[in-house]
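Chains as they are written, first to last, in full-length UniProt numbering: chain A, 1 to 376; chain F, 1 to 362.
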């Protein structure tokens with residue numbers, strides 16, 4: 001163990017499980033039509049389905065999916081699907097890839113994927129691929145590497161094979177509506193977004209950003225194309241490792257403030273390329289605990305995690321804080337899959353259909369005979 | 001929430017406000033395809049200024065514009081043709097005004113930037129058949145009209161000025177920078193050229209090519225030489241065919257920043273990039289080697305003053321790798337960096353192993 005930090009040592013590293021569950025239950029116990037009475041709920045009304053996914057995945061990591069009102073939730077999720085196959089952020093909202101992924105993730109997590117019309121989802125996703133291989137977020141053509149990942153992961157979850165060698169697989173049972181997904185073109189597009197610092201941006205040429213890095217690396221992993229990373233991923237891993245600040249938290253770009261959500265974007269990316277030991281896990285753990293909400297008087301945790309110490313907790317950062325701790329393998333949380341962002345158990349079957357290779361450690365360091373894992 | 005301090009204050013008034021706002025938004029969403037066009041545009045403006053991420057409302061505004069355009073087109077006569085063009089311009093101006101208002105409050109709204117870019121795509125002529133009245137809700141990635149070129153030039157110019165302005169307010173706004181790059185690409189695809197080069201003095205002029213991106217990075221770096229974003233876009237612009245970058249001037253400016261800000265990684269990122277370009281002039285001729293050696297000496301004198309400057313040490317290790325001096329590079333990683341920067345100890349040790357290993361290869 002290295003004692004490498006000057007950060008507040010007074011933070012007890014004991015996960016307040018019951019408090020977190022109580023905090024998350026406030027969100028699932030509401031009727032979906034209930035009016036918001038906080039800034040958070042009002043501001044996230046248009047992406048309620050993503051908020052639902054964060055909430056129940058956080059509960060799943062705590063082993064408490066039993067508190068989720070399953071029937072009500074699934075009915076509502078299915079109500080958000082449009083005839084085109086895509087899902088809106090709520091049933092009043094237009095379809096979009098972001099919410100289609102959240103909906104599909106939610107249904108798989110609850111084991112209710114049988115109720116999903118997979119063909120219509122496939123057709124929707126396929127219809128959004130552009131000539132250059134990228135994916136638009138919806139029919140209005142916004143381009144962003146986040147949508148490449150939404151497309152790839154949605155396809156992977158519903159069982160579409162993502163192999164570069166089989167280009168132009170056709171999908172859809174009905175020949176009139178046959179659509180193609182061009183996997184190699186998708187990979188080529190994502191690689192165009194790789195920068196000289198090893199990171200990835202929103203579009204080709206845009207500045208590296210840890211959130212976009214996660215989306216691009218996740219897409220490449222699902223397509224079995226990680227071997228295309230520069231310097232076998234070392235350049236990217238270095239950029240990612242430098243996101244960790246002295247207080248243990250990660251920022252999303254150089255010279256920015258740390259934020260709990262990057263515990264996920266950065267650490268999951270490192271894990272996908274097999275370099276999670278390039279950062280200080282103990283320091284990250286301390287930072288995540290420092291972001292736990294505390295009582296006004298006294299120091300005890302009240303449930304929920306904020307973006308940084310002293311800020312208001314919300315469901316988004318609670319999910320990413322718990323996901324980060326789960327990736328670190330601590331506090332007996334259910335292990336989370338770094339690409340699917342779902343409990344490993346949920347995606348086991350899917351994973352075997354999409355075996356992605358992790359280059360680096362096995363290839364580059366095995367070659368020079370040094371064990372890559374930490375020697376502590 | 002992002003950046004919201006925990007206040008412990010019970011703000012009852014606010015709670016009612018969110019309920020009221022939300023009721024209004026939900027009602028408008030439900031009626032969005034039934035309301036008359038002007039009424040919807042008016043109501044959605046109010047709501048989008050409160051929360052610009054209500055994306056379905058932006059979408060409906062697009063549908064309204066298309067509906068109006070197709071209807072006007074179908075009624076158009078030779079005489080009314082210019083009138084349609086004029087009203088189209090007015091309607092676009094409304095969208096630019098509303099989105100600008102929204103961005104000034106919330107410069108990081110993805111949905112607002114996307115709405116603006118959708119409008120701007122009509123600056124590029126297209127031969128594609130647009131939507132019909134029956135297919136409007138199936139969307140289209142660009143408007144079904146093409147802007148007249150004088151208006152398109154005006155729009156692009158305004159866009160570049162807006163980006164420059166928002167970047168001067170927040171020089172790390174990655175959506176603003178991204179938009180700037182997109183608009184420059186779009187102007188190139190549309191074959192649009194700035195018409196005002198002769199009109200005003202240099203500081204106010206706007207060129208529709210990569211030199212404008214350079215200029216904005218320069219303005220930002222003049223204010224503060226530590227800006228990762230600006231260095232990134234400089235490196236991107238420099239790889240465009242018509243770049244005007246003087247490498248030795250770039251390095252000279254950077255040497256100064258390295259001395260004044262040895263702990264800022266943005267400066268070192270750009271330094272890494274420049275020495276990679278330098279070493280990449282692959283002939284590994286004598287001149288290249290000599291300049292790389294000179295850089296090592298510059299770093300050595302910096303390290304004499306600041307022996308624990310980790311970015312300088314990382315850069316030196318990289319230079320030594322380019323020079324084939326792998327053992328020295330490995331030594332810096334293992335002996336110095338791993339102890340100066342213990343959080344990333346495993347990374348440095350692994351890199352050191354790799355360098356040592358490369359040395360053994362022929």
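Heads up, the beta-carbon is just placed ideally off N, CA and C, and yes, glycines get one too.
Everything numeric in this text was worked out from a predicted model, so none of it was measured.
Counting contacts by CB-CB distance shorter than 8 Å, is residue i in contact with chain F?
{"i": "residue 38 of chain A", "result": "yes"}
{"i": "residue 272 of chain A", "result": "no"}
{"i": "residue 254 of chain A", "result": "yes"}
{"i": "residue 92 of chain A", "result": "yes"}
{"i": "residue 43 of chain A", "result": "yes"}
{"i": "residue 12 of chain A", "result": "no"}
{"i": "residue 141 of chain A", "result": "yes"}
{"i": "residue 244 of chain A", "result": "yes"}
{"i": "residue 25 of chain A", "result": "no"}
{"i": "residue 238 of chain A", "result": "yes"}
{"i": "residue 207 of chain A", "result": "yes"}
{"i": "residue 202 of chain A", "result": "yes"}
{"i": "residue 35 of chain A", "result": "yes"}
{"i": "residue 49 of chain A", "result": "no"}
Against chain A, with Cβ distances strictly below 8 Å, would residue i count as a contact?
{"i": "residue 191 of chain F", "result": "no"}
{"i": "residue 229 of chain F", "result": "yes"}
{"i": "residue 179 of chain F", "result": "no"}
{"i": "residue 62 of chain F", "result": "yes"}
{"i": "residue 338 of chain F", "result": "no"}
{"i": "residue 29 of chain F", "result": "yes"}
{"i": "residue 46 of chain F", "result": "no"}
{"i": "residue 173 of chain F", "result": "no"}
{"i": "residue 265 of chain F", "result": "yes"}
{"i": "residue 139 of chain F", "result": "yes"}
{"i": "residue 258 of chain F", "result": "no"}
What did DSSP end up calling residue i once you bin it into helix, strand or coil?
{"i": "residue 218 of chain A", "result": "helix"}
{"i": "residue 449 of chain A", "result": "The displayed coordinates of chain A run from 1 to 376. Any statement about residue 449 of chain A would go beyond what the structure contains."}
{"i": "residue 304 of chain A", "result": "strand"}
{"i": "residue 90 of chain A", "result": "coil"}
{"i": "residue 241 of chain A", "result": "helix"}
{"i": "residue 81 of chain A", "result": "strand"}
{"i": "residue 96 of chain A", "result": "strand"}
{"i": "residue 84 of chain F", "result": "helix"}
{"i": "residue 259 of chain A", "result": "coil"}
{"i": "residue 272 of chain A", "result": "helix"}
{"i": "residue 143 of chain A", "result": "strand"}
{"i": "residue 168 of chain A", "result": "In this prediction, residue 168 of chain A scores a pLDDT of 48, lower than 50, which makes its location untrustworthy; the coordinate-derived value is nonetheless stated afterwards. Residue state, collapsed to three classes: coil."}
{"i": "residue 161 of chain A", "result": "coil"}
{"i": "residue 357 of chain F", "result": "helix"}
{"i": "residue 136 of chain A", "result": "strand"}
{"i": "residue 256 of chain F", "result": "helix"}
{"i": "residue 173 of chain A", "result": "Legend: pLDDT at residue 173 of chain A = 42, less than 50; position of this residue unreliable, value from coordinates given subsequently. Coil."}
{"i": "residue 311 of chain A", "result": "strand"}
{"i": "residue 133 of chain F", "result": "helix"}
Determine the contact status of residue i and residue j, defining contact as a CB-CB distance below 8 Å.
{"i": "residue 350 of chain A", "j": "residue 157 of chain A", "result": "yes"}
{"i": "residue 207 of chain A", "j": "residue 229 of chain F", "result": "yes"}
{"i": "residue 154 of chain A", "j": "residue 190 of chain A", "result": "no"}
{"i": "residue 280 of chain A", "j": "residue 258 of chain F", "result": "no"}
{"i": "residue 212 of chain F", "j": "residue 192 of chain F", "result": "no"}
{"i": "residue 333 of chain F", "j": "residue 317 of chain F", "result": "yes"}
What does a CB cutoff of less than 6 Å around residue i pick up in its chain, not counting 5 residues either side in sequence?
{"i": "residue 289 of chain A", "result": "11, 13"}
{"i": "residue 249 of chain A", "result": "258, 287"}
{"i": "residue 273 of chain F", "result": "235"}
{"i": "residue 115 of chain F", "result": "58, 99"}
{"i": "residue 43 of chain A", "result": "none"}
So, at 8 Å on beta carbons, what are the nonlocal neighbours of residue i in its own chain, with the 5 sequence-adjacent residues on each side left out?
{"i": "residue 48 of chain A", "result": "32, 89, 90"}
{"i": "residue 343 of chain A", "result": "57, 60, 61, 109, 334, 335, 336, 337"}
{"i": "residue 169 of chain F", "result": "107"}
Could you tell me how far apart the beta carbons of residue i and residue j are, in whole angstroms, since I believe they sit closer than 8 Å?
{"i": "residue 147 of chain F", "j": "residue 122 of chain F", "result": "5 Å"}
{"i": "residue 309 of chain F", "j": "residue 302 of chain F", "result": "7 Å"}
{"i": "residue 265 of chain A", "j": "residue 210 of chain A", "result": "5 Å"}
{"i": "residue 263 of chain A", "j": "residue 321 of chain A", "result": "6 Å"}
{"i": "residue 315 of chain A", "j": "residue 51 of chain A", "result": "6 Å"}
{"i": "residue 198 of chain A", "j": "residue 238 of chain A", "result": "6 Å"}
{"i": "residue 317 of chain A", "j": "residue 15 of chain A", "result": "About 15 Å separates the two Cβ atoms, so there is no contact after all."}
Sorted by chain position, which residues of the same chain lie with C-beta nearer than 7 Å to residue i's C-beta, five sequence neighbours on each side aside?
{"i": "residue 177 of chain A", "result": "Any reading at residue 177 of chain A needs caution, since the residue's pLDDT is 45, under 50, leaving its predicted position unreliable; the model's value is listed next. So the list reads 123, once near-sequence residues are dropped."}
{"i": "residue 298 of chain F", "result": "255"}
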